[in-house]
DNA sequence: CCCGTTGGCGCA
DNA sequence: TGCGCCAACGGG
């Protein structure tokens, strides 16, 4: 059953030919009359060249990409559906058995029980089970999200132990329910291919957005349901640390620029600075810098370099249930004072960043637009405030990254590169097996071309190949 | 910190 | 039935 069904009974379709003709005439005339003023406005606002040179040909590229679509494996999808269904039956059984009031058993409009209602779940956790709430929603209700559940589990005492399985089930359920409802209902064509809607003009930063389904947000663990057709492979080429590099070059942050030019891992380097390690400290370890340390440095860097305060920064909580926990990446927890020190240390070393951001914000505040060196202008009409300030401080990186990607996609489309997906900093292609080497070097070549707006530096890419979208392996050419 | 999409819920 | 809120997922 299609979500988009044409209503052939619509009154508009039953109007007389002369009425429809007259309507169409007016419609066409008035649309055509807009062209002149529209072009003039684009010119006045400094975006005509970008629209003509990039956005116009990009439309063709997007149409081609959308038409290709992605093949979904019916079998993999079915297997996953069953797994999720079984998992939900199990979690719900555990949760409902723990509620003596029976309040959670009452159905909601759509679902046979009320676990999905955050209000009722909150009453269960903080009323019936008497846990202490440590987090509220914007409206002041007790939060039941993953972070809140994680905090409850962290503060567990002996007397709480009987409820451990219930808490873990609630956590596990929230993820499963999202996957089931949002990502397992796929509309595929008769050829088994999913063609998502690509929104070219929807975002503030000129990134693309996908809908029906939202492919850019597809959970990593079930991306394997998208497979390449027989005789073909997926080829993925992605920029390494795209925004971090743009930040370094635009702000003139010499320590980071040096790291990038020497082809070192910037997150590893940041991690050493943040935790006060010397190079020798971690080089002595067998496996190099521990992964959790590097991961922490990575998200920490994004947080602080976009104006985040250490006091309000949070780390993702992973599912603590016995089934998931062994597969989840280890995490690192730091004290607030340690994080504050780390942040100060980072800003001292990368002292250009804050000054440069202040200059950007000041310019935007005066001119009401941000001019990207990558050739497009973003107009901003909102009254200034702390939120807009941070938004503007993020703009050069996210906007700039998107502009680079758009320009490269136009070029790749002209070469008829079989792109099936654009993922913010990477392209996914579906190519014949015997053409992998060809397209790997072609795509990498285009993406690594010098960026004019960035002092002609090249942004390096990594290449991966695989039979499905999840299990991609590095490609050495 | 920034940028997004989406389904369910509960209330007007 | 329309709408704000909540919570989940991803990218940097």
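In this note's numbering, the protein residues as written are 876 to 1352. Cβ coordinates follow ideal geometry from the N, Cα and C atoms, glycine included. Because the structure is a prediction, the values reported are computed rather than measured.
8 Å Cβ shell around residue 1087 - same chain, five flanking residues per side excluded: Exclusion of the five residues before and after residue 1087 leaves 878, 1062, 1071 and 1072 as the residues of its chain whose Cβ lies within less than 8 Å of its Cβ.
Bridge partner(s) assigned by DSSP for residue 1304: When DSSP reads this structure, residue 1304 sits in a beta bridge with 1110 and 1294.
Where residue 1343 falls: helix, strand or coil (DSSP): Strand.
Supposed close pair residue 947, residue 1100 - CB separation, criterion 8 Å: About 5 Å separates the two Cβ atoms, so the contact holds.
C-alpha distance - residue 959 paired with residue 1049, whole-angstrom precision: Straight-line spacing of the CA atoms in residue 959 and residue 1049 works out to 12 Å.
Buried versus exposed call for residue 922 [16 or more other C-beta atoms within 10 Å across all chains shown]: When all chains shown are included, residue 922 counts as buried.
Beta strand (DSSP E) segment containing residue 1074, residue limits: In the DSSP annotation of this structure, the continuous segment of the beta strand (DSSP E) that includes residue 1074 starts and ends at 1072-1074.
6 Å CB neighbourhood of residue 886 in its chain, flanking five on each side removed: Closer than 6 Å at the Cβ level, and outside the excluded window around residue 886, lies no residue.
Reduced DSSP category for residue 876 - H, G, I as helix; E, B as strand; rest coil: In this prediction, residue 876 has a pLDDT of 36, which is less than 50 and means its spatial position is unreliable; nothing more can be read from the coordinates.
Sequence-distant residues of the same chain with beta carbon closer than 7 Å to residue 1290, five excluded per side: 1317.
Selection from 980, 1113 and 1066 that minimises the alpha carbon distance to residue 1347: The residue with the shortest Cα to Cα distance from residue 1347 is 1113.
Exposure label - residue 938; buried when at least 16 CB within 10 Å: So residue 938 counts as exposed.
DSSP-derived helix/strand/coil call for residue 1349: Of the three classes helix, strand and coil, the one that applies to residue 1349 here is strand, per DSSP.
Where residue 1231 sits in the DSSP three-state scheme: In the three-state scheme derived from DSSP, where H, G and I count as helix and E and B as strand, residue 1231 is classed as helix.
Residue 1090 versus 1165, 1311, 1344 and 1258, residue with shortest Cα-Cα distance: When only C-alpha atoms are compared, the closest one is 1344.
Beta strand (DSSP E) segments (min. 3 residues) lying fully within the region 1023-1081: Fully enclosed beta strand (DSSP E) runs of 3 or longer: 1072-1074.
Residue environment, residue 876, which counts as buried when at least 16 other CB atoms sit within 10 Å: Interpretation of residue 876 is limited by its pLDDT of 36, a score under 50 that renders its predicted location unreliable; the figure taken from the coordinates is listed afterwards. Label assigned to residue 876: exposed.
Cut-off 8 Å between Cβ atoms - residues of its own chain near residue 1095, not counting five sequence neighbours on either side: The residues are 1345.
Residue 1324 - DSSP class collapsed to helix/strand/coil: In the structure shown, residue 1324 sits in coil (DSSP, three-state: anything other than H, G, I, E or B).
Within 8 Å, strictly: CB atoms of residue 1371 and residue 1059: The structure shown does not extend to residue 1371, since the chain is modelled only from 876 to 1352, so the question has no answer here.
Reduced DSSP category for residue 897 - H, G, I as helix; E, B as strand; rest coil: Secondary structure of residue 897 (DSSP, three-state): helix.
Residue 1221: first and last residue of the uninterrupted alpha helix (DSSP H) it sits in: In the DSSP assignment, residue 1221 falls within the alpha helix (DSSP H) that extends over 1211-1224.
Burial state of residue 908 (16 or more Cβ within 10 Å): The residue in question, residue 908, is exposed, as its Cβ has fewer than 16 Cβ neighbours within 10 Å.
Limits of the alpha helix (DSSP H) - the one that residue 1289 falls within: Per DSSP, residue 1289 belongs to the alpha helix (DSSP H) from 1261-1289.
Burial state of residue 1118, where buried means 16 or more other Cβ atoms lie within 10 Å: Counting the other Cβ atoms within 10 Å of the Cβ of residue 1118 gives 16 or more, which makes it buried.
Nonlocal neighbours in the same chain, by C-beta distance under 8 Å from residue 1315, ignoring five residues either side: Cβ within range, chain order: 1110, 1112, 1338, 1340, 1350 and 1352.
Contact the region 1232-1247 vs the region 1193-1213: 3+ CB pairs below 8 Å: Too few Cβ pairs lie closer than 8 Å, so no.
Rounded Cβ spacing between residue 971 and residue 979 (contact assumed at less than 8 Å): Between residue 979 and residue 971 the Cβ distance is about 6 Å, and since that is below 8 Å, they are a contact.
Own chain partners of residue 988 with C-beta closer than 8 Å, once the 5 adjacent residues on each side are dropped: Apart from sequence neighbours up to five positions away, the residues of its chain that approach residue 988 with a beta-carbon distance below 8 Å are 967, 971, 979, 980, 981 and 982, ordered along the chain.
Residues bridged to residue 1084 (per DSSP): Beta-bridge annotation (DSSP): residue 1084 is paired with 1074.
Environment of residue 1210 [buried if 16+ CB atoms lie within 10 Å]: By the 10 Å Cβ count, residue 1210 comes out exposed.
CB contact flag (residue 1140, residue 1221, <8 Å): The answer is no: Cβ separation not under 8 Å.
Cβ-Cβ distance between residue 1017 and residue 997 below 8 Å: Their beta carbons are under 8 Å apart, which means residue 1017 touches residue 997 by this criterion.
Status (buried if at least 16 other CB within 10 Å, exposed otherwise) for residue 891: Burial call: exposed.
Residues near residue 1273 by beta carbon distance below 6 Å, same chain, minus five either side: The beta carbon of residue 1273 is closer than 6 Å to those of 1080 in its chain, skipping five residues each way along the sequence.
Residues near residue 1026 by beta carbon distance below 8 Å, same chain, minus five either side: If you ignore the 5 residues before and after residue 1026, its C-beta comes within less than 8 Å of the C-beta of 1009 and 1010, all in its own chain and listed in chain order.
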